[in-house]
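Chemist: Protein chains in written order, with my numbering: chain A, 262 to 519; chain B, 262 to 519; chain C, 262 to 519; chain D, 262 to 519.
Idealized CB from N, CA, C, for every residue including glycine.
Before I ask anything, here is the structure I am working with.
4 protein chains.
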Amino acid sequence: MKWTKIYLSLVLSTVLLTLQAQQPKQIPKMESAMTEIWEPVPEVVTPGKSKPDGTLSAPSDAIILFDGKNLSSWQDKNAGMAQWQVHDGVFTVNKGTGDIFTKQSFEDFQLHLEWMVPANISGESQYRGNSGVFLQNMYEIQLLDSYQNPTYVNGQAGSVYKQSPPLKNAMQSPGHWNIYDIIYTAPRFKENGNLLYPARVTVVHNGIVVQNNTQITGHTPNVGLPKYKAHGPGPLRLQDHGDPSAPLSFRNIWIREM
Amino acid sequence: MKWTKIYLSLVLSTVLLTLQAQQPKQIPKMESAMTEIWEPVPEVVTPGKSKPDGTLSAPSDAIILFDGKNLSSWQDKNAGMAQWQVHDGVFTVNKGTGDIFTKQSFEDFQLHLEWMVPANISGESQYRGNSGVFLQNMYEIQLLDSYQNPTYVNGQAGSVYKQSPPLKNAMQSPGHWNIYDIIYTAPRFKENGNLLYPARVTVVHNGIVVQNNTQITGHTPNVGLPKYKAHGPGPLRLQDHGDPSAPLSFRNIWIREM
Amino acid sequence: MKWTKIYLSLVLSTVLLTLQAQQPKQIPKMESAMTEIWEPVPEVVTPGKSKPDGTLSAPSDAIILFDGKNLSSWQDKNAGMAQWQVHDGVFTVNKGTGDIFTKQSFEDFQLHLEWMVPANISGESQYRGNSGVFLQNMYEIQLLDSYQNPTYVNGQAGSVYKQSPPLKNAMQSPGHWNIYDIIYTAPRFKENGNLLYPARVTVVHNGIVVQNNTQITGHTPNVGLPKYKAHGPGPLRLQDHGDPSAPLSFRNIWIREM
Amino acid sequence: MKWTKIYLSLVLSTVLLTLQAQQPKQIPKMESAMTEIWEPVPEVVTPGKSKPDGTLSAPSDAIILFDGKNLSSWQDKNAGMAQWQVHDGVFTVNKGTGDIFTKQSFEDFQLHLEWMVPANISGESQYRGNSGVFLQNMYEIQLLDSYQNPTYVNGQAGSVYKQSPPLKNAMQSPGHWNIYDIIYTAPRFKENGNLLYPARVTVVHNGIVVQNNTQITGHTPNVGLPKYKAHGPGPLRLQDHGDPSAPLSFRNIWIREM
Chain A
262 MKWTKIYLSL VLSTVLLTLQ AQQPKQIPKM ESAMTEIWEP VPEVVTPGKS KPDGTLSAPS
322 DAIILFDGKN LSSWQDKNAG MAQWQVHDGV FTVNKGTGDI FTKQSFEDFQ LHLEWMVPAN
382 ISGESQYRGN SGVFLQNMYE IQLLDSYQNP TYVNGQAGSV YKQSPPLKNA MQSPGHWNIY
442 DIIYTAPRFK ENGNLLYPAR VTVVHNGIVV QNNTQITGHT PNVGLPKYKA HGPGPLRLQD
502 HGDPSAPLSF RNIWIREM
Chain B
262 MKWTKIYLSL VLSTVLLTLQ AQQPKQIPKM ESAMTEIWEP VPEVVTPGKS KPDGTLSAPS
322 DAIILFDGKN LSSWQDKNAG MAQWQVHDGV FTVNKGTGDI FTKQSFEDFQ LHLEWMVPAN
382 ISGESQYRGN SGVFLQNMYE IQLLDSYQNP TYVNGQAGSV YKQSPPLKNA MQSPGHWNIY
442 DIIYTAPRFK ENGNLLYPAR VTVVHNGIVV QNNTQITGHT PNVGLPKYKA HGPGPLRLQD
502 HGDPSAPLSF RNIWIREM
Chain C
262 MKWTKIYLSL VLSTVLLTLQ AQQPKQIPKM ESAMTEIWEP VPEVVTPGKS KPDGTLSAPS
322 DAIILFDGKN LSSWQDKNAG MAQWQVHDGV FTVNKGTGDI FTKQSFEDFQ LHLEWMVPAN
382 ISGESQYRGN SGVFLQNMYE IQLLDSYQNP TYVNGQAGSV YKQSPPLKNA MQSPGHWNIY
442 DIIYTAPRFK ENGNLLYPAR VTVVHNGIVV QNNTQITGHT PNVGLPKYKA HGPGPLRLQD
502 HGDPSAPLSF RNIWIREM
Chain D
262 MKWTKIYLSL VLSTVLLTLQ AQQPKQIPKM ESAMTEIWEP VPEVVTPGKS KPDGTLSAPS
322 DAIILFDGKN LSSWQDKNAG MAQWQVHDGV FTVNKGTGDI FTKQSFEDFQ LHLEWMVPAN
382 ISGESQYRGN SGVFLQNMYE IQLLDSYQNP TYVNGQAGSV YKQSPPLKNA MQSPGHWNIY
442 DIIYTAPRFK ENGNLLYPAR VTVVHNGIVV QNNTQITGHT PNVGLPKYKA HGPGPLRLQD
502 HGDPSAPLSF RNIWIREM
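Structural data, given as structure tokens:
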């Protein structure tokens, strides 16, 4: 019947118009493959091998900065030979000879570094096994005997020195090796020298996260406030702090540029 | 003489005004102690012990999610017993029994998890050792045999699934254990449900950084686009993917709330 | 011929294998509608009307904090009546009566505020038209006559006080109105009181961006270093600084919760 | 009495020792001047003058991209003359002549741009006054008649096209001018072409914040997913969209490099 048809058509139109007003447009269903990305293909890196000390050896794309034999990757502040002492597969701060620097400069990186406070350490607070690793020669991650050794918390092991205390105190007791795994993103500056993005650092100390993508607010002076000054790639620096306690030793240092 | 005096006074005034204009005020020198922070004192955490497999055992503040004995920290989707197979100090996906979930929920955390693709793995692309760990039950870090197994790069091991490919392919060959160390910061939402800050994740695969504080852009569906929907703490979930290849095994799972 | 077939088949296989190795899987083409989002639908806000002073009146969703008539939205530190002087559609600092605070507390917001240094201003450096607007009662954006008035740059108008200098000096001369448009995202804290995300602020001074999503590093004391301490929503505070120069006036203050 | 003295002294010692155990080292008090920064001195920029339309004229350091007279700062895609129509102090899309581009390229900037949908607009959804401003020729902020014109929300006025819907719908009705104030920070790439930091944008639409430091996730195609590809400075681009509705007009366009 004609009237029935017209009536039905009216009802249907009303329903459709109502749906149109209430419902958003139907989004066509995607296929799984539409969100696949196929390139660039990440480079293969062969992981390090298991070692009985609870670490892995350096991955295939790492730059070995100390392999137990010599300090050929390091130099003193005058670009002369690094004067620290290599012995028994490790090297030890040689007090009074000054900080040592990698010959190579770096920007963003992953760093593995092991360090030990000697069992016969003495002194207290900052005068007990003090050293530091300066990222890009500027930003110090503190090394210190922080095992049962109260000091200011932004100066204990695992701190961004005088800026950010570690989340936890993950220190080994003297005579045992500490492991730092550091993920560092360099600061970026504008062409006019202004800071664009600050440096960021994640520090894992003996397997425990102590800095989680912490923003570094500037250089890390002992006296005064952090400031940024535009710079490019820089070396790692290890500190000859000069405190009178027994000196720190280092081993297994490698770095991966990121 | 009067005029001399006036002249001198004028010169002096000029000099002083010039100095005032040119020189910023002298900033008084700080003392070292002024930038010390003494509290709160970071909690002491005893690091894990060295193990011959190249890892450390769980730190003292970790929650052990699998210690080789049973799945008592896990459950199935109906809060019933997890049906995956525990054997030889590891557990293995039990195909068809579904994903398993930690009984406990988490917000921000550090997760250690080891997983192995069986030596007799077959299949290719996503049908070769596929599983996943879902952070807060929502955001999948992919597990897959990515050793010489081309697939879409945002679906290979170490990817935030369908979002962010790993920086490197750090995969062990089948029959060898892979290690994931994951630092996760949960997303935060406003009271009205809008996203305030997205989730962020750092993933270290076999000692190699494959995600560096990557922002997660939403959930990780196989089909469709990532979206955020406000949520609180959530469990870890391990995926029973259902691909026909031999199933993955797991061991040494611990988590630290951050 | 058989050999031809085998040869062709070999060639073909080689070609196919080469293609397979070189080409990623064909990604199916998406449709435009697949990346459409239809809800939630942003709320309609009616913009303000053009005013001859170069600003727009408050948008429809703004909370009016001063409309030229009275200080009913404000109170003194003891929750008593705000004692500053309302006259001629503006209000003026009433020296010695103390800072004034909004009765309402806020978290994230957009703030519009106009302020004027009197034409007869005297004094210099910080003793020349000093006041401030404290976001959440904690984080001061400096108000000061910075028109040809040298002072420390992290204390001039548009600075996050003692933290971040303005990108430019956008100051009107005394006797003319200054406009601040401020976009503020409150800091977030973890349940244990630790900072999760710092506060962020964008400041537009007289139409010129002087802070671009600047991270605030803690409270803004005159003496000492910025620190964070967990807090919830807080009022706006306007400062009765107490410097001996002629006092500032304010008008057209509105805020939009975000 | 002697015993009293000894007793008092013991009590005092105990109190002092207790205090010593509970209190951290005394931090020497800083002086106000120690947290002053005196240089570099921010450059003086003279703000624009009040205009009766509720905006300020361009600040002294702005580059004027359209002053009502001609399109001499713009060109077509072949570096030929821009063919859009200048009339009555504004210019209007000339359909079919293609997008227009600034001759100059930009990195980080503040952009002011006014645009109007004609009063006689017709059509609906994306076919109603569609245009766009592409930041660095890559990242589209949508222009559309979004006054009572439902469409997908990540395609309405104030959206980062196909990415981020505006926080609010701040649209003027047809025949009235809309104001965009845009603060843009360009993406940064590593030397290997990988993304280091994504682009970020704040958009204020008619005085209402509609994007607050939104991260842009890649280019803004109509079909497909956002991707990043390393690039340097780029021009602004205005879109000749080609939808059949009446064309948009523009006026008062200026930009400040940041």
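Taking C-alpha atoms, which residue in A:N455, A:Y422 and A:K429 lies nearest to A:P482?
Modeler: Along the first sequence, read from residue 1 onward, the residue named residue 482 of chain A stands at position 221. Nearest C-alpha to A:P482: A:Y422.
Chemist: So which of C:S293, C:V462, C:T307 and C:W438 has the shortest CA-CA distance to C:Q476?
Modeler: On the third sequence, residue 476 of chain C is found 215 positions in, with the first residue counted as 1. Comparing Cα-Cα distances from C:Q476 to each of C:S293, C:V462, C:T307 and C:W438, the minimum goes to C:V462.
Chemist: Are the segment 497-508 of chain A and the segment 342-350 of chain B touching by the rule of at least three beta carbon pairs closer than 8 Å?
Modeler: Too few Cβ pairs lie closer than 8 Å, so no.
Chemist: Using a Cβ-Cβ distance cut-off of 7 Å, determine whether D:Q500 contacts chain C.
Modeler: Taking the fourth sequence and counting its residues from 1, one reaches residue 500 of chain D at position 239. For D:Q500, the answer is no, since every Cβ of chain C falls outside 7 Å of its Cβ.
Chemist: With 8 Å as the limit, tell me which residues of the segment 465-484 of chain A have their beta carbon closer than that to any beta carbon of chain C; keep them in chain order.
Modeler: Result list: Q476 and T478.
Chemist: Going by beta-carbon coordinates alone, are B:S506 and B:Y388 separated by less than 7 Å?
Modeler: The residue labelled residue 506 of chain B in the question sits at position 245 within the second sequence. The residue labelled residue 388 of chain B in the question sits at position 127 within the second sequence. In this structure, B:Y388 lies closer than 7 Å to B:S506 by Cβ.
Chemist: Does the distance from the C-beta atom of C:V464 to that of C:G419 stay below 7 Å?
Modeler: Here residue 464 of chain C is taken as the residue at index 203 of the third sequence, counted from 1. Here residue 419 of chain C is taken as the residue at index 158 of the third sequence, counted from 1. Cβ distance < 7 Å, so C:V464 and C:G419 count as in contact.
Chemist: Any idea if D:N391 is buried or exposed, counting beta-carbon neighbours within 10 angstroms, 16 or more meaning buried?
Modeler: On the fourth sequence, residue 391 of chain D is found 130 positions in, with the first residue counted as 1. Classification for D:N391: buried.
Chemist: Per DSSP, D:S383 is paired with what?
Modeler: As a working note, residue 383 of chain D is residue 122 in the fourth sequence. Beta-bridge pairing links D:S383 to no other residue.
Chemist: Just checking, does the segment 326-334 of chain B make contact with the segment 442-458 of chain A on the three C-beta pairs under 8 Å criterion?
Modeler: Contact fails: fewer than three Cβ-Cβ distances are below 8 Å.
Chemist: From the DSSP output, read off the bridge partner residues of A:I324.
Modeler: Taking the first residue of the first sequence as 1, we reach residue 324 of chain A at position 63. In DSSP, A:I324 forms a bridge with A:I516.
Chemist: Using three-state DSSP, classify C:N430 as helix, strand or coil.
Modeler: To locate residue 430 of chain C, count along the third sequence from 1; it is residue 169. Here C:N430 sits in strand by DSSP.
Chemist: Between D:K429 and C:E300, how many whole angstroms is the CB-CB distance? I'm expecting something under 8 Å.
Modeler: Stepping through the fourth sequence from its first residue, residue 429 of chain D is reached at position 168. Stepping through the third sequence from its first residue, residue 300 of chain C is reached at position 39. Rounded, the Cβ-Cβ distance is 15 Å, inconsistent with contact.
Chemist: Drop a sphere of 10 angstroms on the beta-carbon of D:G436, count the other beta-carbons inside from all chains shown, and report buried for 16 or more, exposed for fewer.
Modeler: Taking the fourth sequence and counting its residues from 1, one reaches residue 436 of chain D at position 175. When all chains shown are included, D:G436 counts as exposed.
Chemist: Flag this pair as yes or no: are the beta carbons of C:N439 and C:W515 separated by less than 7 Å?
Modeler: One-based indexing of the third sequence puts residue 439 of chain C at position 178. One-based indexing of the third sequence puts residue 515 of chain C at position 254. Contact: no.
Chemist: Count the other CB atoms, across all protein chains shown, that sit within 10 Å of the CB of B:G329; report buried if there are 16 or more and exposed otherwise.
Modeler: The sequence position of residue 329 of chain B within the second sequence is 68, counting from 1. Classification of B:G329: exposed, given that the 10 Å Cβ count is below 16.
Chemist: Measure the CB-CB distance between A:G382 and A:V394 and report whether it falls below 7 Å.
Modeler: Here the question's residue 382 of chain A lines up with position 121 in the first sequence. Here the question's residue 394 of chain A lines up with position 133 in the first sequence. The question names Gly, but residue 382 of chain A is Ile in the sequence shown. Cβ distance not < 7 Å, so A:I382 and A:V394 don't count as in contact.
Chemist: Can you name the start and end residues of the beta strand (DSSP E) that B:S392 belongs to?
Modeler: Position 131 of the second sequence, counting from 1, holds the residue named residue 392 of chain B. S392 to L396 is the span of the beta strand (DSSP E), which, as asked, contains B:S392.
Chemist: Counting only Cβ-Cβ distances shorter than 7 Å, please list the residues of the segment 286-318 of chain C near chain A, keeping chain order.
Modeler: Cβ contacts with chain A come from K286, I288, P289, M291, E292, A294, M295, E297, W299 and E300.
Chemist: On the CB-based measure, 16 or more other CB atoms within 10 Å of its CB, does D:P320 come out buried or exposed?
Modeler: Sequence index remark: in the fourth sequence, residue 320 of chain D carries index 59 (1-based). Buried, because 16 or more other Cβ atoms sit within 10 Å of the Cβ of D:P320.
Chemist: Hey, out of B:A491, B:A340, B:A460 and B:M519, whose CA is closest to B:T358's CA?
Modeler: Walking along the second sequence from the start, residue 358 of chain B turns up at place 97. The shortest C-alpha separation from B:T358 is found at B:A340.
Chemist: With DSSP run on the structure shown, which of helix, strand or coil describes D:G416?
Modeler: Counted from its first residue, the fourth sequence places residue 416 of chain D at position 155. Helix.
Chemist: So, at 6 Å on beta carbons, what are the nonlocal neighbours of B:Y489 in its own chain, with the 5 sequence-adjacent residues on each side left out?
Modeler: As a working note, residue 489 of chain B is residue 228 in the second sequence. Cβ within range, chain order: L456 and G479.
Chemist: Kindly indicate which residue of D:A460, D:Q424, D:F362 and D:G416 has the alpha-carbon position closest to the one of D:F370.
Modeler: Residue mapping note: residue 370 of chain D aligns to position 109 of the fourth sequence, counting from 1. Nearest option by C-alpha distance: D:A460.
Chemist: Assuming A:S496 contacts A:T412 under a Cβ cut-off of 8 Å, what Cβ separation, rounded to an integer in Å, is found between them?
Modeler: In the first sequence, the residue the question calls residue 496 of chain A occupies position 235. In the first sequence, the residue the question calls residue 412 of chain A occupies position 151. The displayed chain sequence assigns Pro, not Ser, to residue 496 of chain A. About 27 Å; that fails the 8 Å criterion.
Chemist: Given that C:Y458 touches chain B, what residues does it touch there, using C-beta distances under 9 Å?
Modeler: If you number the third sequence from 1, residue 458 of chain C lands on position 197. The contacting residues are R449, L457 and Y458.
Chemist: Using 10 angstroms around the beta-carbon of D:S425, count the other beta-carbons present and answer buried if the total reaches 16, otherwise exposed.
Modeler: The sequence position of residue 425 of chain D within the fourth sequence is 164, counting from 1. When all chains shown are included, D:S425 counts as buried.
Chemist: Judging by CA-CA distance, which residue of D:M295, D:Q417, D:L317 and D:D322 is the nearest neighbour of A:L486?
Modeler: Taking the first residue of the first sequence as 1, we reach residue 486 of chain A at position 225. Ranking the options by Cα distance to A:L486, first place goes to D:M295.
Chemist: From the beta carbon of D:A507, is the nearest beta carbon of chain A less than 7 Å away?
Modeler: On the fourth sequence, position 246 is the one that residue 507 of chain D refers to. It does not; no Cβ of chain A falls within 7 Å.
Chemist: Measure the alpha-carbon distance for A:V306 versus B:M432 and round it to whole angstroms.
Modeler: Here residue 306 of chain A corresponds to residue number 45 of the first sequence, with the count starting at 1. Here residue 432 of chain B corresponds to residue number 171 of the second sequence, with the count starting at 1. Looking at the two C-alpha atoms, the distance is approximately 8 Å.
Chemist: Helix, strand or coil, according to DSSP, for B:S366 in the structure here?
Modeler: As a working note, residue 366 of chain B is residue 105 in the second sequence. Coil.
Chemist: Using the rule of at least 16 other Cβ atoms within 10 Å of the residue's Cβ for burial, across every protein chain shown, is D:L509 buried or exposed?
Modeler: Position 248 of the fourth sequence, counting from 1, holds the residue named residue 509 of chain D. Buried, by the Cβ-count rule.
Chemist: Please return the same chain residues whose Cβ sits closer than 8 Å to the Cβ of C:L317, not counting the five positions on each side in sequence.
Modeler: Counting from one through the third sequence, the residue named residue 317 of chain C turns up at place 56. Excluding positions up to five away in sequence, the list reads P308, G309, K310 and S311.
Chemist: Near C:L372, which residues of its chain fall below 6 Å by C-beta distance, leaving aside the five closest residues on each side in sequence?
Modeler: Looking up residue 372 of chain C in the third sequence gives position 111. Contacts found: I443 and I516.
Chemist: List, in order along the chain, the chain A residues whose C-beta lies closer than 8 Å to that of B:G416?
Modeler: In the second sequence, residue 416 of chain B corresponds to position 155, counting from 1. Chain A residues near B:G416: E297.
Chemist: Taking D:N398 as the reference, which of D:M519, D:A491, D:P289 and D:I298 has the closest Cα?
Modeler: Against the fourth sequence, residue 398 of chain D aligns to sequence position 137. For D:N398, the nearest C-alpha among the options comes from D:A491.
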